[in-house]
Amino acid sequence: MSLAVRRRVFLVAAAGFGALIVWGLTGLPDFGVEIGHLGTRIAHAAVPERHVTAAVSAINFDYRAFDTLGEEFILFTAAAGVALLLRSGRGERERPHIDASPDRQVPETSDLVRVFGVGLIGFTLLLGLYVVFHGHLTPGGGFQGGVVLAAAVLVVYLAGEWVSAGRLRPVAAMEALEATGAAGFAALGLAGLVAGRAFFQNVLPLGRSGQLLSGGTIPLGNLTVGLEVMGALLLVFSEFLEQALLLRRRS
Amino acid sequence: MSVLPYLVVAWLVLCGLYGIVTSRNLVHLVICLSVVQSSTYVLLLAIGYRKHGLAPIFVDISPHSPVVDPVMQALTLTDIVVEATVSALLLALTVQAKKRFGSVDPAELDPLKG
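If you're matching them up, the sequences are chains W and R in order.
270 is the number that this note's numbering gives the last residue of the first sequence; the numbers go up by one with no jumps.
181 is the number that this note's numbering gives the last residue of the second sequence; the numbers go up by one with no jumps.
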């Protein structure tokens, strides 16, 4: 189907589909009106029941922790899937590769980027750790902090060179990090069972709300998810970077 | 203007779909898909919004203040994670498509070759 025909078919279909969406959305309650009482109830229960000030964290790592376990394993599986997809391609490296533009200029990393990158690493790491450890007090948490932590490692790459082999073996460390985080969060759920209560029931002392050590298992949930997200994202990034470096080395 | 957030949702869905249908590059297609997915963030957050509601962070507000729905915000977080993983997987498939077919134009992917 040519592009023009495809566009015309789409416009006809989109007109109908768009009308359906708008019709469906107009059936929703007005913007800003309370729909059900669940949200407000949970928000107001977070401080008295769980001693955490961030209601979203209380939901993600306590009330809805079972769903978060599934969500975490989506990320885990996807990282494994990306690694599998891109690694299967590595066998093809042996074949002679024809570079489409052998005379292209690959720009060198400028000194300015290096200097600022090195300066940024510490700040980014600190910010990531802050977001992870204060997830139950202020906006943020394991998912957000994990992304910032992964970004800190990416800055290392930006400022320097990606180390793909050698004694350090970052890929093995990333896999270990990801697996530790995922297993740690599952272990938090099992802790509830071991204590003779429900899966993911908050079994640790709750402490005083507003303190760093409060909320029972919620900060631990943030920490384990933070490690898992960091490991998974680094694994995904490093697989893609390896593909890019493969091209760069050839040229 | 109380329907505006919902209209933004419909607009994002249709914009993204148009991009997917007319895309000539798989990377562009993945980005269009994330535009479609971002409409669900707007929808979830719009449903969770309460008039005069504060952020559900009870550090310096009374535990009984009216707040926006934190359940919807938690669901949006889940949504973003799913979007990120879907994009990563599709981009990995794009790399493989480029290796196998030598092109990232969806029109040039021959289904019989796969």
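Just so it is clear, CB atoms sit at the ideal spot from N, CA and C, and this is done for glycine as well.
Could you name the residues that DSSP lists as bridge partners for residue i?
| i | result |
| --- | --- |
| I124 (chain R) | W:A73 |
| V137 (chain W) | In DSSP, V137 (chain W) forms no bridge with anything. |
| V94 (chain R) | None; V94 (chain R) has no bridge partner. |
| V134 (chain R) | R:L121 |
How would you label residue i, buried or exposed, when you count the other beta carbons within 10 angstroms and need 16 or more for buried?
| i | result |
| --- | --- |
| F80 (chain W) | buried |
| F142 (chain W) | exposed |
| Q163 (chain W) | buried |
| F135 (chain W) | exposed |
| V75 (chain W) | buried |
| D136 (chain R) | buried |
| T45 (chain W) | exposed |
| E197 (chain W) | buried |
| R69 (chain W) | buried |
| G169 (chain R) | exposed |
| P123 (chain R) | buried |
| T72 (chain W) | buried |
| P126 (chain W) | exposed |
| L158 (chain R) | buried |
| P238 (chain W) | buried |
| V151 (chain W) | buried |
| F95 (chain W) | buried |
| E113 (chain W) | Any reading at E113 (chain W) needs caution, since the residue's pLDDT is 47, under 50, leaving its predicted position unreliable; the model's value is listed next. E113 (chain W) is exposed by the Cβ-count criterion. |
| F85 (chain W) | exposed |
| Q230 (chain W) | exposed |
| L79 (chain R) | buried |
| Q104 (chain R) | buried |
| T243 (chain W) | buried |
| A184 (chain W) | Per-residue confidence for A184 (chain W) stands at a pLDDT of 46, beneath the threshold of 50, marking its modelled position as unreliable; the derived number appears in the next sentence. So A184 (chain W) counts as exposed. |
| V52 (chain W) | exposed |
| T128 (chain W) | exposed |
| P189 (chain W) | buried |
| A192 (chain W) | exposed |
| L173 (chain W) | buried |
Identify the contact partners of residue i in chain R, using a Cβ-Cβ distance below 9 Å as the criterion.
| i | result |
| --- | --- |
| A201 (chain W) | Simply none; closest approach about 13 Å. |
Which whole-angstrom value describes the C-beta separation of residue i and residue j, a residue pair presumed to lie in contact below a C-beta threshold of 8 Å?
| i | j | result |
| --- | --- | --- |
| P67 (chain W) | P130 (chain R) | 7 Å |
| G154 (chain W) | N241 (chain W) | 4 Å |
| G235 (chain W) | L246 (chain W) | So it is not a contact: roughly 19 Å between Cβ atoms. |
| G58 (chain W) | M139 (chain R) | 7 Å |
| A146 (chain R) | Y108 (chain R) | Strictly speaking, residue 146 (chain R) in this sequence is Asp, with Ala absent from that position. Indeed they touch by this definition, with Cβ atoms about 6 Å apart. |
| G120 (chain R) | V134 (chain R) | 5 Å |
| Y73 (chain R) | A33 (chain W) | Wrong, their Cβ atoms sit about 17 Å apart, outside the cutoff. |
| A206 (chain W) | F92 (chain W) | About 14 Å separates the two Cβ atoms, so there is no contact after all. |
| F219 (chain W) | G226 (chain W) | About 18 Å separates the two Cβ atoms, so there is no contact after all. |
| L156 (chain R) | A97 (chain W) | 6 Å |
| V126 (chain R) | L156 (chain W) | 7 Å |
| T161 (chain R) | V94 (chain R) | 6 Å |
| L111 (chain R) | T143 (chain R) | 5 Å |
| S69 (chain R) | F50 (chain W) | 4 Å |
| E258 (chain W) | V101 (chain W) | 6 Å |
In chain B, what lies closer than 7 Å to residue i by C-beta?
| i | result |
| --- | --- |
| L84 (chain R) | Reference to chain B is not applicable here, since the protein chains of this structure are W and R. |
Name, please, each residue of chain W whose Cβ falls closer than 8 Å to the Cβ of residue i.
| i | result |
| --- | --- |
| T89 (chain R) | L22, R25, R26, F29 |
| A164 (chain R) | Result: empty, since nearest Cβ-Cβ is about 11 Å, beyond 8 Å. |
| S101 (chain R) | Going along chain W, no residue has its Cβ under 8 Å from S101 (chain R), so there is no contact; the nearest lies around 14 Å. |
| S69 (chain R) | D49, F50, G51 |
Going along chain R, which residues have a C-beta under 8 Å from residue i?
| i | result |
| --- | --- |
| G229 (chain W) | V126 |
Which residues in chain W have a C-beta closer than 7 Å to the C-beta of residue i? List them in chain order.
| i | result |
| --- | --- |
| L96 (chain R) | Residues of chain W passing the Cβ test: none, with the nearest at roughly 13 Å. |
| Q140 (chain R) | V75 |
| D172 (chain R) | Chain W residues near D172 (chain R): none, gap ~11 Å exceeds 7 Å. |
| V75 (chain R) | Simply none; closest approach about 10 Å. |
| V80 (chain R) | I40 |
Under 7 Å Cβ-Cβ, which residues of chain R neighbour residue i?
| i | result |
| --- | --- |
| V255 (chain W) | A155 |
| I61 (chain W) | P137, V138 |
| G58 (chain W) | G115, D136, P137, V138, M139 |
| Q262 (chain W) | V162 |
Can we count residue i as close to the ligand FAD, meaning its CB is less than 6 Å from some heavy atom?
| i | result |
| --- | --- |
| V174 (chain W) | As presented, the structure is devoid of all ligands, the ligand FAD included, so that no description of it is given. |
Worksheet item: Which residues, in order along the stretch 66-84 of chain W, keep a beta-carbon less than 9 Å from a beta-carbon of chain R?
Response: V66, P67, V71, T72, A73, A74, V75, S76, A77, I78, N79, Y82, R83
Discussion item. Closer than 8 Å between beta carbons: that is the criterion. Which residues of the stretch 31-53 of chain W meet it against chain R?
Written reply: A33, F36, G37, I40, V41, L44, T45, L47, D49, F50, G51, V52, E53
Item to complete: Check distances from the C-beta atoms of the stretch 142-173 of chain W to those of chain R and list, in chain order, the residues that come in under 9 Å.
Response: L156, T157, P158, G160, F162, Q163, V166
Practice prompt. Give the residues from the stretch 145-156 of chain R that approach chain W closer than 7 Å (Cβ to any Cβ), ordered along the chain.
Written response: T145, V148, V149, T152, A155, L156
Worksheet item: Any residues in the stretch 91-110 of chain W with a beta carbon nearer than 9 Å to a beta carbon of chain R? Which ones, in chain order?
Response: E91, I93, L94, T96, A97, A98, G100, V101, A102, L103, L104, L105, S107, G108
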